[in-house]
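K.L.:
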Amino acid sequence: MTTITLVQGDITRQSVDAVVNAANSSLLGGGGVDGAIHRRGGPAILADCRRLRASQYGKGLPTGRAVATTAGELDARWVIHTVGPVYQVSGGDPDLLASCYRASLEVADELGARTVAFPAISTGAYGWPMADAARIAVEAVRTARTAVEEVRFVLFDEQAYQVFAELIG
Ligand code: AR6
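Position 157 of the sequence shown, counting from 1, maps to 159 under our numbering, and the rest follow consecutively.
1. Indicate the three-state DSSP secondary structure (helix, strand or coil) for E75 in the structure shown.
2. Buried or exposed: where does D97 fall if 16 or more other Cβ atoms within 10 Å of its Cβ makes it buried?
3. Excluding sequence positions up to five away, which residues of its chain have a Cβ less than 7 Å from the Cβ of Y163?
4. Cβ-heavy atom distance between A38 and the ligand AR6 below 7 Å?
5. Could you tell me which of L48, V140 and R52 sits nearest to L169, measuring between CA atoms?
6. Roughly how many angstroms lie between the CA atoms of G31 and A25, to the nearest whole one?
7. Kindly give me the distance between the Cβ atoms of G62 and L29, rounded to whole angstroms, as I take these residues to be in contact under 8 Å.
8. Roughly how many whole angstroms lie between the Cα atoms of G114 and V91?
9. Thinking just about the alpha-carbon of each residue, which of D95, V165 and I82 is nearest to the one in M172?
10. So the candidates are V81, D36 and G34; which of them puts its Cα closest to the Cα of D19?
11. What is the C-beta distance between R104 and A142, in whole angstroms, given that I count them as a contact (C-beta under 8 Å)?
12. Between which two residues does the beta strand (DSSP E) holding I174 run?
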């Protein structure tokens, strides 16, 4: 049974087995959560990402997939990088967004991670409206078959926290 918890704050300050990164397919860093994770986690994370690009992810990590690296100096054992879909004028693909959560939990299971912190994937630079993204995120986690005991959504601001709080009840 997976318990969903909510925290308002910075995902890089969480003490968990795995922190999920809202990455891009290059795996080589960016802004938002990605920038914060690499800044606080230090160069070991990027070194692992470069190794992944040099081996099985030569073309980058496809949208909706997930892969783990060290967590460097974060208070976690692993960072699980996933690539959310970009929200276009025409909308976004909800299955791909749900896939980010499911794939990350599958990687967590392979690693043996029991506590996993997620950001609200795709709701920053990738433009997904928070209410819709939150609904998809919570539904994906609730329906996932996983041994992860705690999924902690870490929301940066009060408004995002409230959106998730209404869904979790
Ligand atoms: N802790 C928790 N949440 C955060 C933090 C933080 N430290 N910083 C931002 N957020 P984003 P995306 C929130 O842009 O939309 C990067 O450049 C933020 O307010 O990090 O999936 C990557 O390299 C928002 O609600 O991820 C990609 O190119 C949510 O986290 C691209 O951005 C996600 O915002 C991915 O865009």
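Quick reminder that beta carbons are idealized off the backbone N, C-alpha and C, glycines included.
P.N.:
This is what the structure gives:
1. coil
2. exposed
3. L8, Q10 and L157
4. yes
5. V140
6. 7 Å
7. 6 Å
8. 39 Å
9. Residue 172 lies beyond the stretch modelled for the chain, which goes from 3 to 171, so this question has no answer here.
10. V81
11. 6 Å
12. Because the chain here runs from 3 to 171, residue 174 falls outside it and cannot be looked at.
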